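J.: Following UniProt numbering, the numbering of the sequence shown begins with 1 at its first residue and continues without gaps.
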Amino acid sequence: MNTTISNNGLPLLPQAPGSPASGPAAGSGSVAGDAAASVPGSDDRVRLTDSARALQEAAKVDDQAAVDTRRVEQIRKSIADGSYQVNPAAIADKMLALDAQIAGAGKA
Numbered sequence: 001m002n003t004t005i006s007n008n009g010l011p012l013l014p015q016a017p018g019s020p021a022s023g024p025a026a027g028s029g030s031v032a033g034d035a036a037a038s039v040p041g042s043d044d045r046v047r048l049t050d051s052a053r054a055l056q057e058a059a060k061v062d063d064q065a066a067v068d069t070r071r072v073e074q075i076r077k078s079i080a081d082g083s084y085q086v087n088p089a090a091i092a093d094k095m096l097a098l099d100a101q102i103a104g105a106g107k108a
């Protein structure tokens, strides 16, 4: 089985000096990958910001379930029997607090 790799009319990037071969038929088919692999002394690192670390910690689920099924069932029953009361002021306050946090006003 023969596989042909073409550049679809796109210009080829120049090969780094000392590259083993040049042209569209040479290499692994990834010019950018070949160029990155030929950079001496490069190493890849990932640095997480404090926000990313906090999100990572928040995403971890310890020994407790992510959803309190007992509380969900209580709310479901109270909605079904008509005893569930909505507090619009509390909802509005929490929405405003979330909006402020997203906008960055919550930063100290």
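For glycine and all other residues, C-beta sits at the position ideal for the given N, C-alpha and C.
Please read all numbers here as calculations on a predicted model, not as lab measurements.
1) Output the distance between the C-alpha atoms of Ser83 and Val67, rounded to the nearest integer angstrom.
2) Determine the extent of the alpha helix (DSSP H) in which Lys77 is found, giving its start and end residues.
3) Work out the CA separation of Ala97 and Asn87 for me, nearest whole Å.
4) Using only the alpha-carbon positions, how far apart do Lys60 and Ala90 sit?
5) Distance check for Gln56 and Arg45, CA to CA, integer angstroms please.
6) Spatial neighbours of Ala92 within its chain, please: C-beta separation below 7 Å, excluding the five flanking residues on both sides.
T.: Short version:
1) For Ser83 and Val67, the distance between alpha carbons rounds to 22 Å.
2) 69 to 80
3) Distance between the alpha carbons of Asn87 and Ala97: 16 Å.
4) 28 Å
5) Put simply, the backbone Cα of Arg45 is about 18 Å away from that of Gln56.
6) none
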